[in-house]
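Below is one structure, written out as structure tokens, with a few remarks after it.
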Amino acid sequence: MPMRRGFQGGPQWWPEGEHWPPRGGRGSEAWAGFGRRIFKGALVFIGFLMVAAALIGAVIATAVAGVASAGRLGVVLTTLLVVVLAGGLLRLVIRRTWTPVRSLINAAGRLADGDYSARVDERSSAGMRAVGSSFNSMAERLEEADEQRRRLMSDLGHELRTPLAVIRGEIEAVIDGVHDGGPEHMESLLDEVEVLERLIEDLRVLTLSEAGKLPLQLEQADLLKLVDEVAGSYRPTASASGIEIRVEAPAEIQDVEMDPVRIRQALTNLVVKSLRAMPDGGSLTIKVTLEREAIFIEVIDTGPGIDPEQLDEVFGRFVKSADSPGSGLGLSIARGLMRAHGGDLRITASGPTGTSASMSLPR
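Numbering that gives the first Met the number 0 numbers the first residue of the sequence shown as 0 and each following residue consecutively.
This is the structure:
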């Protein structure tokens with residue numbers, strides 16, 4: 000029976016190599032011990048006040064006994080001195096304990112109101128320093144996530160505008176009698192609707208994978224057969240463009256636990272991207288290699304390579320070259336699907352002689 004498993008990676012803004020959702024770490028430990036530190040601090044503060052009160056009482060008693068013969072003026076001066084000393088000690092204690100807590104509470108309130116620039120001063124006691132560092136790290140990630148959300152909405156509006164404009168124009172032309180609404184015009188409308196459907200489906204998969212809610216239908220499947228089928232389905236299109244598709248793989252491997260539909264989708268995205276990068280012909284190689292802990296599927300093309308300025312952002316949403324007809328979501332989706340399987344997708348090489356993208360699956 001197929002099994003279901005959720006996403007094991009994380010959002011694009013989450014640091015690579017860290018489990019998503021977070022299971023612990025410095026920040027988790029710091030916040031988990033925050034209550035204990037406050038409680039211990041309160042006990043220490045109360046104990047300090049008791050000791051200080053005893054000392055102040057002793058000082059007052061000694062001072063009063065010593066200045067009793069000096070008259071009323073001596074008693075007043077001694078009392079003022081004690082009050083000043085006690086006030087200074089109390090101010091020091093409050094500054095060391097309550098001020099950092101108040102700063103944290105204020106910053107948390109700003110963060111809850113949507114001000115993701117809120118930060119706290121980490122220069123305090125050791126316990127508060129750890130909590131402050133954890134809070135600032137959380138605020139930075141929320142700020143990055145909010146910025147990515149804004150960019151996504153802007154890019155999504157841009158991508159939806161073109162097909163919607165075409166559909167609107169065709170419908171208005173039919174209403175105005177410019178077109179008769181025949182099959183040829185309906186086909187163009189259908190093409191644009193299919194573009195919208197693909198975009199919406201890509202966004203759905205990407206959103207589910209980043210939220211850790213993408214279900215997988217896992218089963219034991221023949222990976223080599225899947226690779227051959229993907230290569231075979233694109234050979235006619237590739238040949239028409241002067242592109243040769245080759246498959247390099249072992250003669251036989253054991254079945255792999257995976258979701259065949261999702262792995263096919265990830266591999267197809269890489270193949271399509273490579274074919275688009277070689278409009279004047281070239282070669283594309285799908286190479287399967289076995290290692291002790293993982294299976295690697297490399298897609299190697301002889302295209303112009305990826306712009307070095309985009310290499311760090313190549314897995315971002317809607318990142319594509321100016322002449323690309325795609326949505327710019329292919330690599331993001333492919334990496335999300337591989338991470339959902341416990342693997343990954345990396346660009347291992349890119350230059351003027353082509354690009355190599357490597358998908359990994361755990362064995």
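Glycine included, each C-beta is placed from N, C-alpha and C at the ideal position.
Return the Cβ separation of residue i and residue j in integer angstroms, given the expectation that the two are a contact with Cβ distance under 8 Å.
i, j, result
"glycine 219", "aspartate 175", "Strictly speaking, residue 219 in this sequence is glutamine, with glycine absent from that position. Actually they are not in contact, since the Cβ atoms of glutamine 219 and aspartate 175 sit about 58 Å apart, beyond 8 Å."
"serine 187", "glutamate 171", "Actually they do not touch by this definition, with Cβ atoms about 13 Å apart."
"arginine 338", "alanine 293", "With a Cβ gap of about 13 Å, arginine 338 and alanine 293 do not count as contacting."
"alanine 348", "serine 355", "4 Å"
"leucine 207", "leucine 213", "4 Å"
"phenylalanine 295", "serine 232", "That belief does not hold up - the Cβ atoms of phenylalanine 295 and serine 232 are roughly 22 Å apart, past 8 Å."
"glutamate 191", "isoleucine 166", "5 Å"
"leucine 217", "glutamate 256", "6 Å"
"arginine 118", "alanine 106", "7 Å"
Return yes when the Cβ of residue j is within less than 7 Å of the Cβ of residue i, no when it is not.
i, j, result
"phenylalanine 314", "leucine 336", "no"
"leucine 103", "alanine 138", "no"
"alanine 368", "aspartate 300", "Lying outside 0 to 362, the shown extent of the chain, residue 368 is not represented and no answer is given."
"leucine 274", "valine 298", "no"
"threonine 267", "valine 226", "no"
"glycine 280", "glycine 241", "yes"
"threonine 284", "arginine 345", "no"
"valine 287", "alanine 239", "no"
"aspartate 364", "leucine 202", "For the chain, the structure presents residues 0 to 362; residue 364 sits outside this window and is missing."
"valine 130", "proline 162", "no"
"glycine 304", "glycine 350", "yes"
"valine 363", "glycine 181", "As shown, the chain starts at 0 and ends at 362. That puts residue 363 outside it, with no answer to give."
How far does the alpha helix (DSSP H) with residue i in it reach, from first residue to last?
i, result
"aspartate 227", "222-239"
"proline 259", "259-275"
"isoleucine 242", "Unbroken run through isoleucine 242 is the beta strand (DSSP E), 242-247; no alpha helix (DSSP H)."
"alanine 333", "329-339"
Which one of the options has the shortest CA to CA distance from residue i?
i, options, result
"arginine 197", "Lys224, Arg128, Ile332", "Ile332"
"leucine 205", "Leu344, Arg334, Val83, Pro235", "Arg334"
"arginine 291", "Ile252, Pro259, Gly281", "Ile252"
"serine 136", "Gln147, Arg149, Arg150, Asp120", "Asp120"
"histidine 340", "Arg261, Pro182, Arg160", "Arg261"
"leucine 141", "Gly113, Glu243, Arg150, Arg128", "Gly113"
"alanine 250", "Asp179, Arg234, Leu289, Gln264", "Leu289"
"glutamate 209", "Gln147, Gly353, Thr352", "Gln147"
"serine 282", "Arg234, Arg149, Ala265, Arg263", "Arg234"
"arginine 263", "Ser153, Val50, Lys224", "Lys224"
"serine 116", "Glu143, Pro99, Ser133, Arg101", "Glu143"
"glutamate 243", "Ala265, Pro278, Gly211", "Pro278"
"threonine 236", "Val271, Leu189, Gly211", "Val271"
"arginine 128", "Asp145, Thr98, Gly108, Arg160", "Thr98"
What residue range does the beta strand (DSSP E) around residue i cover?
i, result
"isoleucine 296", "293-300"
"glycine 304", "First-last for glycine 304: undefined, no H or E at that position."
"aspartate 343", "343-350"
"isoleucine 252", "Note, isoleucine 252: premise wrong, no beta strand (DSSP E); not H, not E."
"alanine 356", "353-361"
"leucine 390", "The shown model of the chain, from 0 to 362, leaves out residue 390, and the question about it has no answer."
*asked:* Give the list of continuous alpha helix (DSSP H) stretches no shorter than 4 residues that lie fully inside the stretch 175-213.
replied: 182-209
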